[in-house]
Structure formats: C-alpha cells, structure tokens
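The structure under discussion appears below in the form of structure tokens.
Protein chains: 2
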Amino acid sequence: MKKHNFYAGPSILSEYAKEETSKGVKNLDGIGLSVMEISHRSKEFMAIMQETTSLLRELLDVPDSYSVIFLHGGASTQFCMVPYNLLNKKAAYLETGSWAAKAIKEGKFFGEVEVVASSKDSIYNYIPKGWSIPDDADYFHITTNNTIYGTQIKTDLDVNVPLVCDSSSDILSRPMDVSKYGIIYGGAQKNIGPAGVGYAIVRNDILGKVDREIPTMLDYRTHIKAESMFNTPPCVAVYAAMLNMRWLKEQGGVEAAYKRNIEKAALLYDEIDRNKLFKPTVEQEEDRSFMNVTFIMNEEYKDKEAEFMTYASGKGIIGIKGHRSVGGFRASIYNAMPKSGIQVLVDAMKEFESKL
Amino acid sequence: MKKHNFYAGPSILSEYAKEETSKGVKNLDGIGLSVMEISHRSKEFMAIMQETTSLLRELLDVPDSYSVIFLHGGASTQFCMVPYNLLNKKAAYLETGSWAAKAIKEGKFFGEVEVVASSKDSIYNYIPKGWSIPDDADYFHITTNNTIYGTQIKTDLDVNVPLVCDSSSDILSRPMDVSKYGIIYGGAQKNIGPAGVGYAIVRNDILGKVDREIPTMLDYRTHIKAESMFNTPPCVAVYAAMLNMRWLKEQGGVEAAYKRNIEKAALLYDEIDRNKLFKPTVEQEEDRSFMNVTFIMNEEYKDKEAEFMTYASGKGIIGIKGHRSVGGFRASIYNAMPKSGIQVLVDAMKEFESKL
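In the order they appear, the protein sequences are chains A and B. The letter at position 136 of the first sequence is residue 136 when you use this note's numbering, and the numbering goes up by one with no holes. The letter at position 190 of the second sequence is residue 1190 when you use this note's numbering, and the numbering goes up by one with no holes.
Right under this line is the structure:
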C-alpha cells in the first residue's frame, strides 16, 4: 500500500531525492565508491557542495552581499550561534512557539533578551501583532513557521533592527525577500533535505560586531570563509539536499511551489472548516500555516480521535498525530507532498464523517 | 575495475553498511518510507538510535558509569565542548598534530592551557614522551591517532588527571580500557560510520564541575539526559553507523579487528621498509599508526612520485596522496579495508620497483 507521509520532520522528500541518494550511497555516479566514503576534498564532493550552495542561492534569489553556508546540526545549534555572533547588549525575540522559546533561552546566556510579545498563554495558537522593537536591540528574532502549533508568518517583516529568522519548517515554501533579513537559518529536514545538516543565509556585514571571542566552530565567519568546508561536512545529508533542491528547481522553483502550497493547504483547510467532526486549532485565517495544518475534533466527537487515527492508517496515512501540547491532528504538507496525498486525507475525513 | 579506497576520511565503509543504507534510503525495512523521511520519534528510528548506542557500548565494553551519546558535528565541535564542560582553570594538552593544535586553540578560549609536549618542530613525525602533567589540570587531552602524520598512541595511558581523547581516527581499531578515560570523543567518519555524526563516551561524574553556564546544545548533559534525542539527530548517518558497527560485531568485534589491523599494517610497513623506492615518515616503530600509513619516496627517486601515483590509479587505488604538510603518500587502512586491498597496493609498489 502506498504510504502518505505527513510527518512533521524528518519528513517527506521527493522521490527523485530518495531514488538518487539511494544510488549514490551504493555507487556515486558510477565511480565505484559510495558518496559516504569519498573524501570531502575529492573533486566529486567539492562539486556536490558547490551545486548545493548554488541551488539554495538561486532558489531564494539571494543577493551577492549574503553568504550561503551549510553546517552540522540543526536550528538548535544555531539558537546559540546567533547570539554568540550578534548579541552585544540586547536582543528582541517574538515568542510564537516552543522553538522560539528555546531560541530565547539560548539568547539569555549572552545578554539581555526582550520578548516583545508572546502567544504562550493560548498555546501559541496565533501570531502576536502590534508589538514594537526597541531601537537599541542588536537584532529581532522570529520563527517564521511554528511546526507544532500550525501558525506561520507569511510575509517578510519590515523592522527597525536586523531581522533574524529560524525558517526551518517553511524555507523554500514561498519566495522571500532575503534583503529584508540579517540571517535566515534552520535545519534542513523539511523542505531542503534530510536531518543532519543546517543552513544559514547571512548578510556579511552583520558579523564581526560583537566584543566576545567566539569558538571557531560557532563563528559564522569560519564557515563562510571555508565555503562550508572548514571541517568534514555531513556529506550524505548534503548530497540528498542537493538532489531535493534540484528536484524543486525542476518543478518550477519556489514561485511554483508557493502556488502549489496555497492550493494544497486550501484543500485541507476547506475540508476541516466544512466537516462537522473537525475544527482548526488556529482561529485567525491569516496566521494559518500552509506547511503544518493542525486540527482537532469538535467537542461532541472527541471520543472518535483514536478511531479516526486508525481509519486513516488503514488508508496509508502516516504521521498525523498532533503534538502532545496541542493534541488532535497535524498534517505536515511540505513541498514534496503532492496534492494527491492531501486528497487521500481529505477523502478519509469525508468518508469517516459519512460513516458516523 | 574494483576501487581500493584508501581515503583518510570520509573513508571506506563495509559493503554491508553501503548496501543496507542504500536500501534503507529507498525503503526502510519494507515500511514504504525512507530512513531519511521518518520522524526521529517514530518507533523505527527510536530502535535505530537504541541499537547504535548499544553497539558502541558493547563493542568497547563501556562500563555502566559512562554514557554513550551521538551528536551532530564531528570532533571540531567537541574541541570547544570539552573545555566548555570541563575547563575551570587549567587544562593540559599533548600536541601531536594539527588536529591536536586545533583542540588546543579552542581550549584557550576557556582558560589556561598548558601544552605538556609537542612534536611540531619535526612535522609531528613522532609521539613526544617523558612529559608530565600538572596536578591541578582539570584534564589532559590527547589525540590518539594523527591521521595526517601517521602516528598513534596505541596504549591506554595512566595519568594523574582525567584523560580526554579525540579518537576520531582509531576508535574501534583496538580494544580500549574505557575506565582509564574521562571522555572519549570524535567524528564517526573512519571506523564508525559516515561523516555527519559525532560520538562521545563520557564518565558521568566528570560533568557539572565548571562554574560557567553552558549553552544547551554544547552541554554534554543535555544529550546524555535525552539519550541523543534532544534535537533531531542526523538520522541517515546514524543509520549507516549502526549498520557498519553491526558488521564489525559480526566480524568478531574489536578484538578480532585489532588482530587484522596489526597484520594489515605489518604487510604494508614491511613492504615500505623493504622496497628501495620508499621510506616511512615515522621513524620510531612504536609510534607508527596502524590506521594511516604515511610514506615518501627515497631522495633518489623523488621525481617518480607522480608516476607512481598514476600507476597506482591504474590499479584502482584511490586516495593515497599524502597530506600537503607531509607530502608523499598516505594509505588509510581503517577496519573496513580488507587485507586483499592492501595486497593490491603492496603489489603495485613491488611492480613499480621492478620496472625501474
């Protein structure tokens, strides 16, 4: 039976990336060696790193004044790298979920942190509005998409200090005006590639302004200078990311992905709104993520949750259990999820409703 | 033509690990999803992390008072994690190569560092002896195997302070008495698995003794408490590492690998010593690594280096160019290199000699 992969992350990758990574793990481009066992200084791997970097740069139309780097680790490591590299006295953060809260915690190791607004009191089910950022903040940090809570900041904010964003779970889902950001960073394991590699898009002039000494591996400049090859990179994860971004480019790039994502999300949200069993957890439509769709059962059907989960499993639907802090269901519909996969879920919701 | 992979790292992996990783990247154990796209909280991945951890623990007979963890990044990240977690006032380091020098550099960000001895002046072609460690050092740091220079500390040292070792390039090559170490750490990309995952074997009571605050991801306790699952692990690299360690266990474990490694190294060193064209770069036999065999051409044949490289390539021999700081040749003969592969190199050396 075909599986429909709605995992929040690690999550669905393109068939092309899986197929070609599988081949490369056995025998890379027919050279008789695995991509896992060639030197990172070999001409074969140097070409892989080069293409991976160029693809991310091209897909997001990154200006020349920015560096694009790939790193070990995910967003969690960069939660401390960002303040290590940028926080002199004070930073401002928007608290839109538990990942934002984790970033805030790391910021506090390095200086004063002002949380300009938080939606914690209502289990992060909306994006706070109407806040203001102190002019003396070294940067303002946001999490563009909140995987657990199904909310998303879908526009590029205009702010009065350098804007830093963790875009782990919605990078490449929509065109971004990179020039509005100081740093865009994250872990790859949603739209870029598999877990085990992180990325950062860094405006070069934002670095080198803090007084503290920075350990070598935590200094963005180390990786910029060495073009992501300061130490041995996570080669197989980089290779899979390259292939997955190649596929995205083939599919029309980020502009085309964005159109598909809007359609795909509408298909699912419309069903949630229509179906008498379900309701969304994010009330304001403008805050609803088109990457992670969170929904629960209406009060009178609450006792049917486990039954629906089993029913959906029977249709090959995988990974729709909601995070424990929100409950219910979460369908993660990243770039590689086809509309047909969402249709299977929507059909299951309809069928389950009609059987009651 | 069969390729004989002598790369220093990333480096040769067992056929079993390559074959099975390739399958798992396409379809993990027949579940219809790739190991790259399943949640790290899925029962399938939880079992993988569990087995990976158990295998390393079993292969090195790690005492219960130690934790075994897998991390993002390689040894380079841990060059700063070690002093972050352990260095209160002063640490002692043995400088046996450029990786050791890099570890020393990071130590200096956190406190006083005493280099007890260095072989830098003779391009690190021996392991310094006869040093002493100040009693007030928080730890003593060594690099057990020096990939670039072909030297190795092949015994477990008895020292007066906690012993910390970067064993990236010889872990699992010989039995170790783990109880003599405070921390054994490194990157996986030699004997454990592919690049993109690091490991640490930590005596639990060594932690929690520094005054400074430690950012979450750099605190060993974070990963110990979460059993290597604090954040999304580098899943595909962990999977390949599990398979490669499964293979090692099947081959008789570390004790058997050690016997093979001694034989394999002897085969090559004997030929280097015998062949009139070549000489080893490491003079003292006791310092010679059985993981990385470095050799150069005798003065009168120096002009034949490029020719031998081409000749060897013609036999399918890959990756024997020496590091630029040493020159000549380096044959890395990790656990997964069979004796037959070394025989191909030895035969090429003999044939090349006979043709002159």
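For glycine and all other residues, C-beta sits at the position ideal for the given N, C-alpha and C.
Buried/exposed call for residue i, threshold 16 Cβ in 10 Å
{"i": "P63 of chain A", "result": "exposed"}
{"i": "D273 of chain A", "result": "exposed"}
{"i": "G30 of chain A", "result": "exposed"}
{"i": "R203 of chain A", "result": "buried"}
{"i": "W99 of chain A", "result": "buried"}
{"i": "R324 of chain A", "result": "exposed"}
{"i": "Q1284 of chain B", "result": "exposed"}
{"i": "D1211 of chain B", "result": "exposed"}
{"i": "L1356 of chain B", "result": "exposed"}
{"i": "S1289 of chain B", "result": "buried"}
{"i": "S313 of chain A", "result": "exposed"}
{"i": "K1129 of chain B", "result": "exposed"}
{"i": "S11 of chain A", "result": "buried"}
Residues near residue i in its chain [Cβ-Cβ closer than 7 Å; skip 5 each side]
{"i": "I133 of chain A", "result": "A92, V116, F140, V159, N160, V161"}
{"i": "I153 of chain A", "result": "I127, I142, T144"}
{"i": "Y1301 of chain B", "result": "L1277"}
{"i": "D156 of chain A", "result": "M176, D177, K180"}
{"i": "Y1016 of chain B", "result": "L1243, W1247"}
{"i": "V326 of chain A", "result": "I123, I148, Y149, T281, T294"}
{"i": "T1216 of chain B", "result": "T1222"}
DSSP-derived helix/strand/coil call for residue i
{"i": "M349 of chain A", "result": "helix"}
{"i": "I1069 of chain B", "result": "strand"}
{"i": "G198 of chain A", "result": "strand"}
{"i": "R1330 of chain B", "result": "strand"}
{"i": "K26 of chain A", "result": "helix"}
{"i": "E1307 of chain B", "result": "helix"}
{"i": "I342 of chain A", "result": "helix"}
{"i": "I1318 of chain B", "result": "strand"}
{"i": "Y1220 of chain B", "result": "helix"}
{"i": "K105 of chain A", "result": "helix"}
{"i": "L207 of chain A", "result": "coil"}
{"i": "N5 of chain A", "result": "strand"}
{"i": "A1100 of chain B", "result": "helix"}
{"i": "L86 of chain A", "result": "helix"}
{"i": "L13 of chain A", "result": "coil"}
{"i": "V1236 of chain B", "result": "helix"}
{"i": "A47 of chain A", "result": "helix"}
Inter-residue Cα distance where the pair is residue i and residue j
{"i": "N1005 of chain B", "j": "N1298 of chain B", "result": "25 Å"}
{"i": "L33 of chain A", "j": "I214 of chain A", "result": "37 Å"}
{"i": "A1306 of chain B", "j": "Y1007 of chain B", "result": "17 Å"}
{"i": "K279 of chain A", "j": "M1 of chain A", "result": "29 Å"}
{"i": "T1151 of chain B", "j": "S1179 of chain B", "result": "23 Å"}
{"i": "Y1185 of chain B", "j": "N1146 of chain B", "result": "14 Å"}
{"i": "S67 of chain A", "j": "I201 of chain A", "result": "6 Å"}
{"i": "S958 of chain B", "j": "N1027 of chain B", "result": "The structure shown has nothing for residue 958 of chain B, since chain B only spans 1001 to 1356."}
{"i": "N244 of chain A", "j": "I192 of chain A", "result": "7 Å"}
{"i": "K1321 of chain B", "j": "V1236 of chain B", "result": "29 Å"}
{"i": "P338 of chain A", "j": "I262 of chain A", "result": "12 Å"}
{"i": "D287 of chain A", "j": "V346 of chain A", "result": "21 Å"}
{"i": "K1209 of chain B", "j": "E1114 of chain B", "result": "20 Å"}
{"i": "T1281 of chain B", "j": "I1318 of chain B", "result": "20 Å"}
{"i": "G1097 of chain B", "j": "S1167 of chain B", "result": "13 Å"}
{"i": "A1226 of chain B", "j": "S122 of chain A", "result": "27 Å"}
{"i": "V1293 of chain B", "j": "L1267 of chain B", "result": "11 Å"}
{"i": "G316 of chain A", "j": "K3 of chain A", "result": "5 Å"}
{"i": "E250 of chain A", "j": "P1233 of chain B", "result": "29 Å"}
{"i": "M1036 of chain B", "j": "A1047 of chain B", "result": "15 Å"}
{"i": "P40 of chain A", "j": "T1052 of chain B", "result": "Note on residue identity: the sequence assigns His, not Pro, to residue 40 of chain A. Near 24 Å, if we compare the C-alpha coordinates of T1052 of chain B and H40 of chain A."}
{"i": "K350 of chain A", "j": "D170 of chain A", "result": "28 Å"}
{"i": "G1328 of chain B", "j": "E1020 of chain B", "result": "35 Å"}
{"i": "F1045 of chain B", "j": "L172 of chain A", "result": "26 Å"}
{"i": "N1275 of chain B", "j": "E1353 of chain B", "result": "7 Å"}
{"i": "E106 of chain A", "j": "V1197 of chain B", "result": "23 Å"}
Own chain partners of residue i with C-beta closer than 8 Å, once the 5 adjacent residues on each side are dropped
{"i": "K120 of chain A", "result": "E95, A101"}
{"i": "E112 of chain A", "result": "K89, K90, A91"}
Neighbourhood of residue i by C-beta distance below 6 Å, restricted to the same chain and skipping five residues each side
{"i": "R174 of chain A", "result": "Y258"}
{"i": "M81 of chain A", "result": "L218"}
{"i": "K1264 of chain B", "result": "I1333, K1339, I1342"}
{"i": "L1056 of chain B", "result": "V1068"}
{"i": "Y311 of chain A", "result": "F352"}
The ligand MN heavy atom lying under 7 Å from the CB of residue i
{"i": "N125 of chain A", "result": "In terms of ligand content, the structure shown is empty, and the ligand MN therefore cannot be addressed."}
Beta strand (DSSP E) runs wholly inside the region 117-193 of chain A, at least 3 long, in chain order: 140-143, 163-166, 183-187
In chain order, each alpha helix (DSSP H) run of at least 4 residues that lies wholly inside the region 239-296 of chain A: 253-274
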